[in-house]
Amino acid sequence: MVCSTLLVENFTGKWVILLLFYGILLMADSVGSVGRFLAGGKEFLAAAGVETPGTDAEWLMAAVLRRRRGELALHLDDPLSGEQRRRWHGLLEKRAERIPLQHVLGTAPFGDLTLAVDDSVLIPRPETEELIYLLATSPAPRPPRTILDLGTGSGACILALGKAFPEAILAACDCDGAALAVARKNAGACGLGSRVNFVLSDWFDSLAGRWDLIVSNPPYLTEEEWAAAEPEVRRHEPRLALVGGGRDGTACLEKIIGAAEKFLQPSGTLALEMGVEQGEKLKKFAESRGLTRVKILRDLAGRERFLFARRDGD
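Numbers given in my numbering equal positions in the sequence shown, counted from 1, plus 105.
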């Protein structure tokens with residue numbers, strides 16, 4: 106049986122059953138080809154409750170082979186070496202435990218960037234990529250000269266904006282030192298280590314100055330949404346980066362909006378990601394705090410997802 110005795114001994118109950126099931130799937134192929142292992146891995150992850158077992162198994166196999174995922178079809182008949190089999194089993198085991206795919210791989214894509222991630226930072230989401238795309242392609246009179254990323258986490262927003270605006274002065278803050286360490290690592294890997302000023306700060310508390318663009322993907326989930334989230338989220342991503350506080354999850358967003366005018370340059374822009382049912386309340390709140398041209402924009406799925414606002418020019 107391809108499934109090793111070591112793996113079986115490490116688990117009880119359902120894990121023994123799942124691992125035996127995986128081994129049976131592979132018994133028919135004595136060679137143990139990439140395609141056979143891949144098919145078995147997909148079935149194994151599906152039985153473990155993984156939402157996208159086929160896609161995840163392909164990413165894991167691509168990591169084992171050290172190839173692009175799109176190249177797998179060219180290697181389905183190749184055999185796996187003993188070392189490759191051991192690595193495949195290890196990665197598959199972690200994903201079946203509902204450790205996020207990005208944590209298993211150690212990286213997450215974000216636009217053209219590949220970012221290191223761990224359980225101290227939020228895994229970048231496609232909606233946040235949409236926010237950066239909107240900012241990078243906005244027909245503004247001039248590009249921002251200074252950019253601040255509040256709650257930077259992995260550094261995804263500030264690094265993507267740094268690539269989009271190569272002349273801009275960049276700053277990013279986070280209240281968690283471990284998250285800042287990840288962001289600094291990513292900045293160095295992206296060639297932006299010397300451009301970004303990273304600051305340990307709870308939102309604006311330790312900051313001084315004004316910026317042309319302030320961007321943030323702050324926590325905005327409610328307690329109910331957090332409780333209903335997948336195990337990958339609840340067990341392995343930082344609650345601090347997800348749950349927004351207050352009855353409707355808007356406490357962090359309101360703190361940012363309430364102080365933003367003091368930190369924006371004249372005609373500066375505030376750009377926030379938010380929850381899909383928070384737009385109307387936050388628009389009124391932003392207007393009550395002196396911000397103008399407040400707009401709620403939808404994501405590609407048609408959901409209200411982003412708030413843009415300006416500080417009037419002096």
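The C-beta atom is built at its ideal place from N, Cα and C for all residues, glycine as well.
Own chain residues within Cβ distance below 6 Å of residue i, not counting five before or after
i, result
"A414", "L375, A391, L396 and V399"
"N302", "A276"
Segment limits, beta strand (DSSP E) that includes residue i
i, result
"E335", "No beta strand (DSSP E) holds E335; DSSP gives it neither H nor E."
"W308", "Looking at the DSSP string, W308 is not in any beta strand (DSSP E), and its letter there is neither H nor E."
"A221", "L218 to A221"
"A376", "L369 to E378"
"I401", "T397 to R403"
"L85", "Outside the displayed span of the chain (106 to 419) sits residue 85, for which this structure offers no information."
"V169", "Element bounds for V169: not the beta strand (DSSP E) but the alpha helix (DSSP H), P158 to L170."
Cα-Cα separation, residue i to residue j
i, j, result
"I263", "R172", "29 Å"
"F305", "G195", "Reading off the sequence shown, one finds Leu at residue 305, where the question assumed Phe. If you take the alpha carbons of L305 and G195, they lie about 36 Å apart."
"E188", "M379", "45 Å"
"L130", "H341", "In this prediction, L130 has a pLDDT of 49, which is less than 50 and means its spatial position is unreliable; what the coordinates show is noted afterwards. Whole-angstrom Cα-Cα distance: 30 Å."
"S109", "G145", "Residue confidence for S109 is low, a pLDDT of 36 falling below 50, so the modelled location carries little weight; the figure read from the coordinates is stated next. Each residue's alpha carbon lies about 14 Å from the other."
"A213", "I228", "7 Å"
"D363", "V155", "Asp is not the amino acid found at residue 363; the sequence shown has Gly there. Near 40 Å, if we compare the C-alpha coordinates of V155 and G363."
"T160", "C357", "34 Å"
"I401", "G175", "37 Å"
"E148", "R141", "11 Å"
"P249", "I274", "9 Å"
"G407", "R289", "34 Å"
"R416", "D183", "60 Å"
"D254", "R190", "42 Å"
"G418", "A313", "19 Å"
"A151", "E366", "49 Å"
"R344", "E329", "13 Å"
"Q370", "A245", "15 Å"
"S393", "E385", "13 Å"
"G137", "L318", "54 Å"
"G153", "G298", "Contrary to the premise, residue 153 reads as Ala rather than Gly in this sequence. If I take the Cα positions, the gap works out to 40 Å."
"A333", "R203", "15 Å"
Given residue i as reference, the closest of the options once Cα atoms are compared
i, options, result
"G211", "D217, D223, L218 and R200", "D223"
"G282", "C295, G256, A265 and V301", "G256"
"F215", "R200, R352, L236 and R174", "L236"
"S259", "C278, L402 and P184", "C278"
"A221", "A365, N291, I319 and G298", "N291"
"P324", "L179, L405, L387 and G349", "G349"
"A346", "R403, V209 and L285", "L285"
"G296", "T157, I319 and L218", "L218"
Cut-off 8 Å between Cβ atoms - residues of its own chain near residue i, not counting five sequence neighbours on either side
i, result
"E241", "According to the sequence as given, residue 241 is Ala; it is not Glu. So the qualifying residues of the chain are A265, L266, A269 and F270."
"L177", "V139, L143, E163, M166, A167 and L170"
"S135", "Reliability of the predicted coordinates at S135 is poor, the pLDDT of 44 falling under 50, and no value is obtained from them."
C-beta contact flag for residue i and residue j at 8 Å
i, j, result
"F368", "L239", "no"
"W422", "G373", "Past the edges of the chain, shown from 106 to 419, lies residue 422, and the structure says nothing about it."
"E335", "V381", "no"
"L377", "S321", "yes"
"G252", "W308", "Position check: residue 252 holds Ile in this sequence, whereas Gly was assumed. In this structure, W308 does not lie closer than 8 Å to I252 by Cβ."
"E337", "P205", "yes"
"W193", "L185", "yes"
"Q383", "G354", "yes"
"V209", "V287", "no"
Span of the alpha helix (DSSP H), counted from its first residue to its last, around residue i
i, result
"A213", "A213 -> not in any alpha helix (DSSP H); beta strand (DSSP E) instead, spanning T212 to F215."
"F142", "V139 to A152"
"V287", "G282 to A294"
"I237", "P231 to A241"
"F390", "G384 to S393"
"I263", "A261 to A269"
7 Å Cβ shell around residue i - same chain, five flanking residues per side excluded
i, result
"E234", "F215 and G216"
"E359", "F390"
"R200", "L150, V155, D161, L165, L206 and V209"
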